[in-house]
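The structure appears right after this line, and notes come after that.
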Amino acid sequence: MSITATLIGQMITFAILVWFIGKYLWGPMTQMMDDRKKRIADGLAAAERGLHEQELAEQKAMQHIKEAKEQAAEILAQAQKRGAEIVEDAKGDAKAEGERLITAANAEIEQEVNRAKEALRAQVVDITIAAAGKIVKKEIDAKAHGELLKDVVGQI
Amino acid sequence: MSSSTASEANGPTAVEYIQHHLHNNSIGDGGFWVLNLDTLIYSWLLAGVLMYIAYTMGKKMTSDTPTGGQNVLEAIVEFVQQQIKDIFPGSNPLIGPLALTIFMWVFLMNAMDLIPVDLLPVLGQFVGINYMKVVPTTDLSTTFALALSVFALIIYYNIKIKGPMGYLKMFLFHPFGKYLIPVNIIMTTIEEVAKPVSLGLRLFGNMFAGELIFMLIALLGGASLLGLIPQIALGTVWAIFHILVISLQAFIFMLLTIVYLGMAHQDIEEH
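Protein chains in written order, with the working numbering: chain A, 1466 to 1621; chain B, 1299 to 1569.
Pasting the structure below:
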């Protein structure tokens, strides 16, 4: 139970063991753990960033939706206005057209009346001449009394 | 556990039993030039186990999906790393592997203490090996090999960091300033030499005492059949307690190594 040359052997063993463990275990493992630490930190930062970006995107989307809604409302209002306008226009047109039609119809009626009057007048002349002829039993010279008859008819 | 009892005529007495168990299987002519084969072979075996684990684990470890063994090793490595970060000023590529090796190797050598005290020596006697001391850290040569290696590193880094003159100044002007140079030399020398001596003796003492108590407990059962009950009870209690001791001693050796090397890395303070 004293210190012997075993000491030297153990020191050499110790030195080799330290070298070996440093090379094959400590070095790679600490390296890997550092890398992993960095990757986890990066991943968390990326996740954070992603979350932030998502928030921004959501805000943007809300903004867009709001704008779209506003636009839609505006378009709707415009369309309603335009529709009302069109209806108003159509009403105006229809009124004008109706008036025009009424006027035309009135004019035609007048024309027809005039024409009927003319025809009637002519027939009255003929009938009058015939009647007069029958009354005087004598052929009336249409030519000679035409002037007179016309005057009479004109007074009818 | 004991195959021999004091009452048997041809068996060894209790003293003989203990002495037999404390005898190294050694070659050499006595004095310093003796090789304790059992110490060497067991510590080499454990070093080999460590190397095997280190090599295979170092090769197959993955960053993404660590499993079983890798988790354990990572926990140990991280633990050692944390100790170094807390204690050690600056950085040194050697301190990590050194601390990790001390922790694991000393732990494994201490853990040989938990194998039933007679098991391996009795198996050895079957194949003709008469003496066998299983726990390498109950050999002063092992503990002092570690302590002196650390001591050599302490001196090396003291000279490297403080410079030869700085190291000399530490002996001359520390701890009492420049008016008490002779006292300073004695004090600092004692302080420095105490480091490896306390390192080596603490580990040796704890392990040797633990081993001795295992032997005494083993003797209980040998004395009589009734002794088996206290032997089993005490052996169990002591073994459980010893789990704490072996871990603690490995940890203390590692921690003091870091502390001492950390002190060697500090610049000299003026007095």
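Every residue gets a Cβ at the ideal spot worked out from N, C-alpha and C, and that includes glycine. Everything numeric in this text was worked out from a predicted model, so none of it was measured.
Taking a Cβ-Cβ threshold of 7 Å, the residues of chain A close to phenylalanine 1442 (chain B) are Ile1468, Leu1472, in chain order. With contact defined as three or more Cβ pairs closer than 8 Å, the region 1490–1500 of chain B and the region 1448–1456 of chain B are in contact. Cα atoms of glycine 1474 (chain A) and leucine 1499 (chain B): separation of roughly 19 Å, rounded to the nearest angstrom.
For leucine 1333 (chain B), the enclosing beta strand (DSSP E) starts and ends at 1332–1334. Chain order gives the chain A residues near aspartate 1437 (chain B) as Thr1471, where near means a beta carbon separation below 7 Å.
Residue ranges of uninterrupted alpha helix (DSSP H) with 4 or more members, entirely inside the region 1333–1395 of chain B and ordered along the chain, are 1335–1358, 1366–1385.
Of the residues A:Met1498, A:Gln1543, A:His1517, A:Ala1542, the one whose Cα lies closest to the Cα of phenylalanine 1377 (chain B) is A:Met1498. As computed with DSSP, isoleucine 1325 (chain B) is found in a beta bridge with B:Leu1333. With a threshold of 9 Å between beta carbons, proline 1434 (chain B) makes contact with chain A. The beta-carbon separation of serine 1439 (chain B) and asparagine 1334 (chain B), rounded to 6 Å, stays under the 8 Å limit for a contact. What aspartate 1500 (chain A) touches in chain B, judged by beta-carbon distance under 7 Å, is Ser1361, going in chain order. In the displayed model, isoleucine 1457 (chain B) falls within a helix according to three-state DSSP. Its chain contains Phe1469 as the residues whose beta carbon lies nearer than 6 Å to that of isoleucine 1483 (chain B), once the 5 sequence neighbours on both sides are disregarded; these appear in chain order.
For the pair phenylalanine 1424 (chain B) and phenylalanine 1549 (chain B), the Cα-to-Cα distance works out to about 36 Å. For threonine 1436 (chain B), there is no enclosing alpha helix (DSSP H), as DSSP marks it with neither H nor E. For the region 1464–1538 of chain B, the full-length alpha helix (DSSP H) segments reaching 4 residues or more read 1479–1521 along the chain. Annotation: proline 1462 (chain B) to asparagine 1456 (chain B) spans about 8 Å, alpha carbon to alpha carbon. DSSP places threonine 1311 (chain B) outside both helix and strand once states are collapsed to three, so it counts as coil. The straight-line gap separating the alpha-carbon atoms of leucine 1444 (chain B) and phenylalanine 1551 (chain B) is approximately 9 Å. Nothing from the region 1508–1521 of chain A brings a Cβ to less than 8 Å from some Cβ of chain B.
Burial of phenylalanine 1512 (chain B) is indicated by the presence of at least 16 other C-beta atoms within 10 angstroms of its C-beta. Taking the C-beta atoms as reference points, alanine 1345 (chain B) is found nearer than 9 Å to leucine 1482 (chain A). When C-alpha distances from serine 1545 (chain B) are compared across B:Tyr1350, B:Ile1325, B:Asp1411, the shortest belongs to B:Asp1411. Between histidine 1318 (chain B) and tyrosine 1477 (chain B), the C-beta gap is not smaller than 9 Å, which leaves the two residues out of contact. Separation of the CB atoms of glycine 1367 (chain B) and methionine 1355 (chain B) is rounded to 6 Å, and the pair is thereby assigned contact status at 8 Å.
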